[in-house]
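Its first residue numbered 1, the sequence shown is counted upward by one per residue in this note's numbering. All C-beta atoms in this analysis are idealised placements derived from N, C-alpha and C, irrespective of residue type, glycine included. One structure below.
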Amino acid sequence: ICTLYSVFMTNIFSRTSIVLWSYLFTSILLLVTLPVLAAAITMLLFDRNFSSAFFDPLGGGDPVLFQHMFWFFGHPEVYVLILPGFGIISHICLSISMSPDAFGFYGLLFAMFSIVCLGSSVWGHHMFTVGLDVKTAVFFSSVTMIIGVPTGIKVFTWLYMLLNSHVNKSDPVVWWIVSFIVLFTFGGVTGIVLSACVLDNVLHDTWFVVAHFHYVMSLGSYISIIIMFIWWWPLITGLSLNKCLLQCQCIISNIGFNLC
């Protein structure tokens with residue numbers, strides 16, 4: 001954070017690489033959420049070994065408190081894993097489009113900032129089945145749905161930059177970016193379904209939740225790593241990758257993703 005702060009001090013609104021901004025947001029999320037997880041684990045350790053009763057109802061504790069503390073870390077952790085991927089995809093789309101205006105950069109930047117702020121306050125949507133009161137459930141459900149707005153801004157900005165650029169349609173990087181957008185959109189749509197507390201009670205602990213999670217996070221993180229490798233490997237080593245093999249890899253991987 002201090003290193004990035006020294007970079008941004010020159011001009012905070014300059015066109016600094018959006019990858020750096022994604023790393024900054026990721027670092028802030030870790031700094032905010034990890035101490036809560038450490039506190040929860042420490043309290044659990046005291047319950048198990050020193051006869052305290054933070055989470056033991058027999059001693060006046062509340063086991064739901066542990067869930068709150070765990071998911072306060074657990075849900076932002078999803079964004080910790082996917083935000084660098086957002087930064088990588090955004091950086092490459094900006095590089096491909098070569099757009100002189102700031103539409104893409106600032107739209108993506110504030111979308112990521114909104115996701116960080118909103119994503120830190122919706123941990124309760126993992127706990128609709130524990131008996132939350134109606135007002136609390138409605139709050140978490142509503143804010144979870146609102147996250148779809150900055151997410152949609154990112155997706156449409158990526159598509160705008162790709163469609164308005166003279167990009168080589170056979171470029172494997174473009175194929176992977178399109179795959180990322182399509183699969184991530186599938187995961188996002190299923191997330192909107194799960195944000196409704198009534199539907200979440202029905203779909204809780206089903207394969208629907210597993211599919212949503214893996215479409216959004218696992219595939220998003222994996223594909224962003226592949227895209228990063230394809231984009232920066234020639235720049236780092238000076239060696240080009242076989243375009244035909246990369247295209248075959250993209251096709252086979254996408255078939256495997258959806259079959260698994």
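Measure the beta-carbon distance from residue i to residue j and round it to whole angstroms, keeping in mind my assumption that it falls under 8 Å.
i, j, result
"G124", "F105", "With 8 Å as the limit, G124 and F105 do not qualify as a contact, their Cβ atoms being about 33 Å apart."
"V174", "V167", "6 Å"
"Y79", "V116", "7 Å"
"T144", "S195", "4 Å"
"W158", "I181", "6 Å"
"L239", "I230", "Contact flag wrong, Cβ pair sits at about 12 Å."
"L183", "L132", "Their Cβ separation, rounded to whole angstroms, is 31 Å, which puts L183 and L132 out of contact at 8 Å."
"H91", "I1", "That belief does not hold up - the Cβ atoms of H91 and I1 are roughly 20 Å apart, past 8 Å."
"A111", "M69", "Contact flag wrong, Cβ pair sits at about 28 Å."
Does the separation of the CB atoms of residue i and residue j fall below 8 Å?
i, j, result
"V36", "F73", "yes"
"T190", "F208", "yes"
"V130", "V64", "yes"
"G188", "T151", "yes"
"K154", "L108", "yes"
"N201", "F113", "no"
"L45", "F55", "no"
"N164", "S97", "yes"
"L83", "T3", "no"
"T42", "P76", "no"
"I223", "W176", "yes"
"L29", "M217", "no"
"L235", "P172", "no"
Starting from residue i and walking both ways along the alpha helix (DSSP H), at which residues does that stretch end?
i, result
"H212", "W207 to F213"
"P150", "G148 to L163"
"F229", "L219 to T237"
"A53", "Taken as a continuous stretch (DSSP letters only), A53 belongs to no alpha helix (DSSP H), as it is neither H nor E."
"T190", "P172 to S195"
"I89", "P63 to S97"
"F257", "K243 to L259"
Should residue i be flagged as near chain B, meaning a C-beta pair shorter than 8 Å?
i, result
"L118", "Among the chains of the structure shown, chain B does not appear; only one protein chain is present."
* **Sufficient close CB pairs (3 or more, under 8 Å) joining the segment 20-37 to the segment 84-92** => yes
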